[in-house]
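J.: Residue numbers (the UniProt record's numbering): 1 to 272.
Yeah, the Cβ is synthetic: ideal placement off N, Cα and C, and Gly gets one too.
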């Protein structure tokens with residue numbers, strides 16, 4: 001499937017091994033982009049491992065992608081007017097934990113192209129592709145609760161509706177959950193005395209969500225974060241109080257927040 005996004009004019013086409021460097025650089029190599037993906041990219045080894053996992057299993061010429069159905073895959077978005085600059089990635093895959101005959105979709109947009117409507121417009125193209133090229137009953141998206149309210153708003157605006165929760169453990173397993181824990185502790189360890197609040201909020205909420213699925217004890221989660229933090233921050237009473245508050249928020253709002261687009265709902269929306 002190839003498409004031109006109407007609003008931006010960006011081109012969307014099947015990803016290939018040739019996109020590997022751009023995915024590593026602009027997606028997994030940028031912590032602000034990769035922070036909501038379920039990978040530990042705190043090292044270059046981790047960046048390349050995550051990149052190769054996508055390329056090998058979903059790219060059109062990936063090592064393990066030959067058996068993929070036509071609607072399954074990875075698509076690269078590029079800005080042809082901007083000398084073919086890399087804009088982002090869209091993916092469709094069969095995810096563990098989902099109902100039978102359904103797929104999951106994901107998106108990652110390079111930071112220079114945030115706020116341009118790429119996620120919304122490419123979602124419409126991808127939904128059309130899946131329902132035209134398969135018999136799938138539904139498409140699911142999943143977001144981390146309480147981390148970014150804008151993500152939930154985008155799903156609802158596109159017509160996705162809240163669905164039964166899918167757990168982290170069911171969809172990715174304990175090893176990947178541990179990767180998220182190590183990545184977030186690494187993020188905490190690199191915080192500076194200025195401008196740390198939002199990152200620490202995200203880290204605390206997400207580790208609380210991991211504790212909700214018994215990856216670690218809730219009482220241990222707070223200590224792990226405080227131990228990882230630079231000493232000046234860890235000693236602050238205000239910081240310690242906020243960490244505890246956000247851990248509780250994550251614990252009581254576990255991942256995922258799941259959204260569903262059914263074939264029937266898409267047919268109605270597509271006619272509007």
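Under DSSP, the alpha helix (DSSP H) around residue 276 begins and ends at which residues?
T.: No information on residue 276 is available, as it lies outside the stretch 1 to 272 that the chain covers here.
J.: To which residues of the same chain is residue 130 closer than 7 Å at the C-beta, ignoring the five residues directly before and after it?
T.: 71, 92, 103, 136, 139
J.: I need the straight-line Cα distance from residue 268 to residue 260, nearest angstrom please.
T.: 14 Å
J.: Here's a check: name, in chain order, each residue in its chain whose Cβ is nearer than 7 Å to the Cβ of residue 255, leaving out the five neighbours to either side.
T.: 144, 145, 168, 209
J.: Rank 12, 229, 56 by C-alpha distance to the C-alpha of residue 20 and give the top, closest one.
T.: 56
J.: Assess, as a yes-or-no matter, whether the stretch 236-255 is touched by the stretch 72-86 under the definition of 3 or more beta carbon pairs within less than 8 Å.
T.: no
J.: Comparing C-alpha positions only, which one of 189, 141, 65 sits nearest to residue 124?
T.: 141
J.: Do residue 182 and residue 40 have their beta-carbon atoms positioned less than 7 Å apart in this structure?
T.: yes
J.: Among 107, 207, 101, which residue has its Cα nearest to the Cα of residue 76?
T.: 107
J.: Can you say whether residue 114 is buried or exposed, counting buried as having 16 or more other CB atoms within 10 angstroms of its CB?
T.: Classification for residue 114: exposed.
J.: Identify which residue in 121, 231, 44 has its Cα closest to the Cα of residue 158.
T.: 121
J.: Of all the options 58, 191, 29, 88, which has the alpha carbon lying nearest to the alpha carbon of residue 42?
T.: Checking every option, the nearest Cα to that of residue 42 belongs to 29.
J.: Enumerate in chain order the residues of its own chain whose CB-to-CB distance from residue 174 is below 8 Å, with the five nearest sequence positions on each side excluded.
T.: 215
J.: Using 8 Å for Cβ pairs, my map puts residue 97 next to residue 8. What's the rounded Cβ distance?
T.: At roughly 33 Å, the Cβ-Cβ gap does not stay under 8 Å, so residue 97 and residue 8 are not in contact.
J.: Apart from the five residues just before and just after residue 155, which ones in its own chain have a Cβ nearer than 8 Å to its Cβ?
T.: 141, 143, 259
J.: For the alpha helix (DSSP H) holding residue 149, just list the boundary residues, first then last.
T.: 149-158
J.: Rank 101, 224, 218, 150 by C-alpha distance to the C-alpha of residue 184 and give the top, closest one.
T.: Here the closest residue by C-alpha is 224.
J.: Which value, in whole angstroms, describes the spacing of the CA atoms of residue 221 and residue 204?
T.: 9 Å
J.: At 3 residues or longer, and completely inside the stretch 73-112: list those beta strand (DSSP E) runs for me, N to C.
T.: DSSP runs (the beta strand (DSSP E)) wholly in the stretch 73-112: 73-79, 85-93, 102-109.
J.: Going by alpha carbons, who is nearest to residue 230 out of 200, 100, 249?
T.: 200
J.: Name, in chain order, the residues that DSSP records as bridge partners for residue 143.
T.: 257
J.: With distances taken from CA atoms, which of 95, 58, 60 is nearest residue 166?
T.: Looking at the Cα atoms, 95 is the closest of the given residues.
J.: Kindly list the residues whose CB is nearer than 7 Å to the CB of residue 160, restricted to its own chain and excluding five residues on each side of it in sequence; keep chain order.
T.: 141, 259, 260, 261
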